[in-house]
Amino acid sequence: MLGTHRCDIELQDEQLDGNVVETYTGEWKNDKRTGFGVSERTDGLKYEGEWYNNKKYGYGVTTFKVRYVTHGWWR
Numbered sequence: 026m027l028g029t030h031r032c033d034i035e036l037q038d039e040q041l042d043g044n045v046v047e048t049y050t051g052e053w054k055n056d057k058r059t060g061f062g063v064s065e066r067t068d069g070l071k072y073e074g075e076w077y078n079n080k081k082y083g084y085g086v087t088t089f090k091v092r093y094v095t096h097g098w099w100r
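Residue numbers (our numbering): 26 to 100.
Next up, the structure:
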């Protein structure tokens, strides 16, 4: 399923400040981010890539507020 949702969940590997809003556009399975998707946060962080069970998993690219970019494989 594809869709855009405001995410009020916290990823296990990331702590979100209470003032940060995250949006996710991409694939969902069983109400969890699974497949390809894009997560953008109001603090400037952006992740485009593969997800599994609400976690970054597979290949992805993270862009930070200062335009620093990292890419690689996640598990």
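Positions of the beta carbon are idealized from the N, C-alpha and C atoms, including for glycine.
Beta-carbon gap between residue i and residue j smaller than 8 Å
| i | j | result |
| --- | --- | --- |
| ASN79 | ARG58 | yes |
| VAL86 | GLU73 | yes |
Where residue i sits in the DSSP three-state scheme
| i | result |
| --- | --- |
| MET26 | Confidence is the limiting factor: at MET26 the pLDDT is only 47, short of 50, which leaves the residue's position unreliable, though a coordinate-based value still follows. Residue state, collapsed to three classes: coil. |
| ARG92 | coil |
| GLY69 | coil |
| ARG102 | The structure shown does not extend to residue 102, since the chain is modelled only from 26 through 100, so no value can be given for it. |
Residues near residue i in its chain [Cβ-Cβ closer than 6 Å; skip 5 each side]
| i | result |
| --- | --- |
| LYS90 | GLY69 |
| TYR77 | THR59 |
| THR88 | LYS71 and VAL94 |
Exposure of residue i, with buried meaning 16 or more beta-carbon neighbours within 10 Å
| i | result |
| --- | --- |
| TYR49 | buried |
| GLY81 | According to the sequence provided, residue 81 is Lys. The question's Gly does not apply to it. That one is buried. |
7 Å Cβ shell around residue i - same chain, five flanking residues per side excluded
| i | result |
| --- | --- |
| TRP98 | GLY83 and TYR84 |
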